[in-house]
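What the sequence shown shows, in my numbering, is residues 1 to 531, in sequence order.
From the three backbone atoms N, C-alpha and C, an ideal C-beta is built for every residue, glycine too.
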Amino acid sequence: MVMDSLLRCVYRHYLHMLSTLLFGSSVSESVESFFTEFHPTTYLSHVVVRRTSKLRNLINEAKTSYNRLLHLQSKPSQQKCRRIGLFGQKVDLVDHYGKKLEDIEQNVRLEQSDVSLAEETRAAFVSFRSRYGAAVAFHLRQSINPTQWVTEEAPEPDDVYWPFFSSSFMRRWISKLVVVVACILLTILFLIPVVVVQGLTNLSQLETWFPFLKSFLTITFFSQVITGYLPSLILLLFLKIVPPIMEFLSSIQGYISHSYIEKSACNKVLWFTIWNIFFATVFSGSVLYQVSIFLEPKDIPAKLAVAVPAQASFFIAYVLTSGWTSTASELFRIIPFICSLVTRCCKRTNELEVPSIPYHRDIPRILFFGLLGITYFFLAPLILPFLLVYLCLAYIIFRNQFINVYMPKYETAGKFWPIVHNSMIFSLVLMHAIAIGIFTLKKLPMASTLVFPLPVLTLLFNEYCRKRFLPVFVAYSAEVLIKKDREEANNPEMAEFFDKLVTAYQDPALMPIQYSVNSDSLNSPLISAEV
Numbered sequence: 001m002v003m004d005s006l007l008r009c010v011y012r013h014y015l016h017m018l019s020t021l022l023f024g025s026s027v028s029e030s031v032e033s034f035f036t037e038f039h040p041t042t043y044l045s046h047v048v049v050r051r052t053s054k055l056r057n058l059i060n061e062a063k064t065s066y067n068r069l070l071h072l073q074s075k076p077s078q079q080k081c082r083r084i085g086l087f088g089q090k091v092d093l094v095d096h097y098g099k100k101l102e103d104i105e106q107n108v109r110l111e112q113s114d115v116s117l118a119e120e121t122r123a124a125f126v127s128f129r130s131r132y133g134a135a136v137a138f139h140l141r142q143s144i145n146p147t148q149w150v151t152e153e154a155p156e157p158d159d160v161y162w163p164f165f166s167s168s169f170m171r172r173w174i175s176k177l178v179v180v181v182a183c184i185l186l187t188i189l190f191l192i193p194v195v196v197v198q199g200l201t202n203l204s205q206l207e208t209w210f211p212f213l214k215s216f217l218t219i220t221f222f223s224q225v226i227t228g229y230l231p232s233l234i235l236l237l238f239l240k241i242v243p244p245i246m247e248f249l250s251s252i253q254g255y256i257s258h259s260y261i262e263k264s265a266c267n268k269v270l271w272f273t274i275w276n277i278f279f280a281t282v283f284s285g286s287v288l289y290q291v292s293i294f295l296e297p298k299d300i301p302a303k304l305a306v307a308v309p310a311q312a313s314f315f316i317a318y319v320l321t322s323g324w325t326s327t328a329s330e331l332f333r334i335i336p337f338i339c340s341l342v343t344r345c346c347k348r349t350n351e352l353e354v355p356s357i358p359y360h361r362d363i364p365r366i367l368f369f370g371l372l373g374i375t376y377f378f379l380a381p382l383i384l385p386f387l388l389v390y391l392c393l394a395y396i397i398f399r400n401q402f403i404n405v406y407m408p409k410y411e412t413a414g415k416f417w418p419i420v421h422n423s424m425i426f427s428l429v430l431m432h433a434i435a436i437g438i439f440t441l442k443k444l445p446m447a448s449t450l451v452f453p454l455p456v457l458t459l460l461f462n463e464y465c466r467k468r469f470l471p472v473f474v475a476y477s478a479e480v481l482i483k484k485d486r487e488e489a490n491n492p493e494m495a496e497f498f499d500k501l502v503t504a505y506q507d508p509a510l511m512p513i514q515y516s517v518n519s520d521s522l523n524s525p526l527i528s529a530e531v
């Protein structure tokens, strides 16, 4: 659906997803009856969500056949006859994929007609005539029974994660438990490469593990490379697989939009990085040993004071390998370019997909470097120039990427700033704990006494920010909503906007497929933009 950016940004103030447990009538009738009765002046329309998982598979298959057909027709000199199967006859591939596409198109139409008659989920997108009316419906409990109507703010139409609605409640509930268990197992399994990295940083332990390397380790150059650069490089390679895994786990956790999925994945990757890279590296040892450290809170500052300074050289090398290298590779994007070529060859398509910035990968990395800077600035000040160079490179490179490379999938609306704030508060409290432990070990009671109020004041400041500023990220004020409603009350474009709003949240799987045997039709989109 084509519409200007202004109208697209207004959607989040008008629509909310409602799920309900209903008996005796259809979801559509119940939603219309309820909102017509209790929100008569602001209710506009609604769209019931249907389960379309099977239909989406057919549409994906149709797109694959369509891309192959385009690929064959774009190369007239290529041989287009091929044997189907081991003993099958030779067929014209253009005719083969053309007939296959027509069959899939017919199956999609039949499936769409079946879906339109049944398979309603107990969820609907409800549209309102004003922002204030939508806010009232969103924040107020709709019925006496709190489980009968559950409201949630709807994302933008392009941001909706439609597979969520195809899952049953029990399946989504079980998925949440599976995600928790999977995150714990992934954290434990990731300690294996961390232990290997810790062994590489210790020269004597490395000689014990690999006796045949003693002759090489006596050479200064090899020992410096193996114990300094190689460990952080190995850790960086293992960390590459973490963001995609966390994004997948968040996608089955029950979120209704891509933005919520990426925000959840961002949180998972951040705390996974802090635990497995910082604490697991600092507190070298078994899992039980690392857990036992946090079971004795009084001993944590002292143990941090001993363990954290010992890993200063490793984290300086980590900034070089993970920070400078990853930022420089972001400018060239060699790996995404190779993946794009492989995908285009396998899928046989000439379409170019504009990438979007992976917030769940880049934000945790920047915040982790911020944690290293805050915790090491008084222990190993040498790390600060390396972090400064990284931040300058990141600013220059990502500014270019935002302007010339990436295209945002959705409007973030500042929803990632609370994650940044919480990470900074955690970093400050951790730095205070390390400082208290160091001053205690050095037997400086006056310095420890003066530092002790700092974490308390930091936590009080965090509580003040949570009460004062966090509501800004949760909901808009009534003053802003009512002013915008009054400004647009006499806007002639609002009538056209309401007409488009009625059909804005149609499931893409229910959109008709248009295909013609004429060659000109192959240049038209496979999925129609009209309902």
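Within the 8 Å Cβ cut-off, does P336 reach chain B? Among the chains of the structure shown, chain B does not appear; only one protein chain is present.
Residue closest to V180, alpha-carbon to alpha-carbon, out of T321, D159 and F272: On the sequence shown, residue 180 is found 180 positions in, with the first residue counted as 1. Answer by Cα proximity: F272.
Local Cβ density within 10 Å of T36, reported as buried at 16 or more and exposed below that: Numbered from its first residue, the sequence shown carries residue 36 at position 36. Label assigned to T36: exposed.
Close Cβ partners of S28 (< 6 Å) along its chain, the five nearest in sequence each way excluded: Here the question's residue 28 lines up with position 28 in the sequence shown. The answer, listed in chain order, is V48.
What residue from K303, S427 and K484 has the CA that sits closest to L441's CA? Counting from one through the sequence shown, the residue named residue 441 turns up at place 441. Looking at K303, S427 and K484, the one whose alpha-carbon comes closest to that of L441 is K303.
Is the region 392 to 408 in contact with the region 439 to 458, if contact means three or more CB pairs nearer than 8 Å? The region 392 to 408 vs the region 439 to 458: no contact.
Does H39 come out as helix, strand or coil in the three-state DSSP assignment? Locating residue 39 in the sequence shown gives position 39, counting from the first residue. H39: coil per DSSP, three-state reduction.
Look at F278 and I363 and say whether their C-beta atoms are less than 8 Å apart. Residue numbering aside, residue 278 sits at position 278 when the sequence shown is read from its first letter. Residue numbering aside, residue 363 sits at position 363 when the sequence shown is read from its first letter. With contacts defined as CB atoms closer than 8 Å, F278 and I363 fail to qualify as a contacting pair.
Pairing CB atoms from the region 370 to 387 with CB atoms from the region 313 to 326, are three or more of them under 8 Å? With contact defined as three or more Cβ pairs closer than 8 Å, the region 370 to 387 and the region 313 to 326 are in contact.
Kindly give me the distance between the Cβ atoms of H360 and E247, rounded to whole angstroms, as I take these residues to be in contact under 8 Å. Here the question's residue 360 lines up with position 360 in the sequence shown. Here the question's residue 247 lines up with position 247 in the sequence shown. Correct: roughly 6 Å between the Cβ atoms.
Inter-residue spacing [alpha-carbon to alpha-carbon] between F128 and S259: Translated into positions along the sequence shown, residue 128 becomes position 128. Translated into positions along the sequence shown, residue 259 becomes position 259. Going by the C-alpha atoms only, they are around 23 Å apart.
At 4 residues or longer, and completely inside the region 436 to 478: list those alpha helix (DSSP H) runs for me, N to C. You should have 445 to 451, 453 to 468 and 470 to 474.
Sub-8 Å separation of N267 and F190 beta-carbons: If you number the sequence shown from 1, residue 267 lands on position 267. If you number the sequence shown from 1, residue 190 lands on position 190. The beta carbons of N267 and F190 sit no closer together than 8 Å.
If we count the other Cβ atoms within 10 Å of its Cβ and call it buried at 16 or more, is P512 buried or exposed? Here residue 512 refers to the residue found at position 512 when the sequence shown is read from its first residue. Exposure of P512 is indicated by the presence of fewer than 16 other C-beta atoms within 10 angstroms of its C-beta.
Reference F337; option with closest CA among V456, S53, A489 and V405: Your numbering for residue 337 matches position 337 in the sequence shown. Closest option to F337, Cα to Cα, is V405.
Is the beta carbon of S251 within less than 7 Å of some heavy atom of the ligand GTP? Only the bare structure without any ligand can be found here, which leaves the ligand GTP out of the picture.
What first and last residue would you give for the alpha helix (DSSP H) that runs through V160? As a working note, residue 160 is residue 160 in the sequence shown. Element bounds for V160: n/a, residue is neither H nor E.
Tell me which residue opens and which closes the beta strand (DSSP E) that W265 is part of. The residue you call residue 265 lines up with position 265 of the sequence shown. A quick correction: the sequence has Ala, not Trp, at residue 265. Element bounds for A265: not the beta strand (DSSP E) but the alpha helix (DSSP H), H258 to T273.
Work out the CA separation of L510 and T64 for me, nearest whole Å. Reading the sequence shown from its first residue, position 64 is the one you call residue 64. Reading the sequence shown from its first residue, position 510 is the one you call residue 510. Taking the CA atoms as reference points, T64 sits about 18 Å from L510.
Where do the ends of the alpha helix (DSSP H) carrying A394 lie? Numbered from 1 along the sequence shown, position 394 holds the residue referred to as residue 394. For A394, the enclosing alpha helix (DSSP H) begins and ends at I383 to N404.
Looking at L58 and N107, is the spacing between their C-beta atoms short of 8 Å? For the purposes of this step, residue 107 is taken as residue 107 along the sequence shown, with counting starting at 1. For the purposes of this step, residue 58 is taken as residue 58 along the sequence shown, with counting starting at 1. Cβ distance < 8 Å, so N107 and L58 count as in contact.
Note down the Cα distance separating R51 from S113, rounded to an integer number of angstroms. Position 51 of the sequence shown, counted from the start, is the residue given in the question as residue 51. Position 113 of the sequence shown, counted from the start, is the residue given in the question as residue 113. Approximately 13 Å between the Cα atoms of the pair.
Rounded separation between A307 and S251 - CA only: Position 307 of the sequence shown, counting from 1, holds the residue named residue 307. Position 251 of the sequence shown, counting from 1, holds the residue named residue 251. In this model, A307 and S251 are separated by some 37 Å (Cα to Cα).
Residues near T41 in its chain [Cβ-Cβ closer than 8 Å; skip 5 each side]: Taking the first residue of the sequence shown as 1, we reach residue 41 at position 41. Taken in chain order, the residues that qualify are R129 and G133.
Identify whether L44 lies in helix, strand or coil by the three-state DSSP scheme. Residue numbering aside, residue 44 sits at position 44 when the sequence shown is read from its first letter. Here L44 sits in strand by DSSP.
Take the Cβ of N518 as the centre, count every other Cβ of all protein chains shown within 10 Å, and call the residue buried at 16 or more, exposed below. If you number the sequence shown from 1, residue 518 lands on position 518. The predicted model places N518 with a pLDDT of 46, which falls under 50 and marks its position as unreliable, so this point remains unresolved.
Exposed or buried, what is W173 when buried is set at 16 or more other beta-carbons lying within 10 Å of its beta-carbon? Against the sequence shown, residue 173 aligns to sequence position 173. It is exposed - the Cβ of W173 has fewer than 16 other Cβ atoms within 10 Å.
Give the DSSP-derived three-state secondary structure of T412 in the structure shown. Residue mapping note: residue 412 aligns to position 412 of the sequence shown, counting from 1. Coil.
Verify whether the separation of the beta carbon atoms of F473 and G414 is less than 8 Å. Translated into positions along the sequence shown, residue 473 becomes position 473. Translated into positions along the sequence shown, residue 414 becomes position 414. The Cβ atoms of F473 and G414 lie closer than 8 Å to each other.
Taking buried to mean at least 16 other C-beta atoms within 10 Å of its own C-beta, is S286 buried or exposed? Translated into the one-based positions of the sequence shown, residue 286 becomes position 286. Annotation note: pLDDT 45 at S286 (below 50); position unreliable, coordinate value reported separately. Exposed, since its Cβ has fewer than 16 Cβ neighbours within 10 Å.
Spell out a yes or no on whether the region 471 to 487 and the region 132 to 150 are touching, meaning 3 or more CB-CB pairs, one atom from each, closer than 8 Å. With a cut-off of 8 Å, the region 132 to 150 and the region 471 to 487 count as touching, because enough Cβ pairs lie within range.
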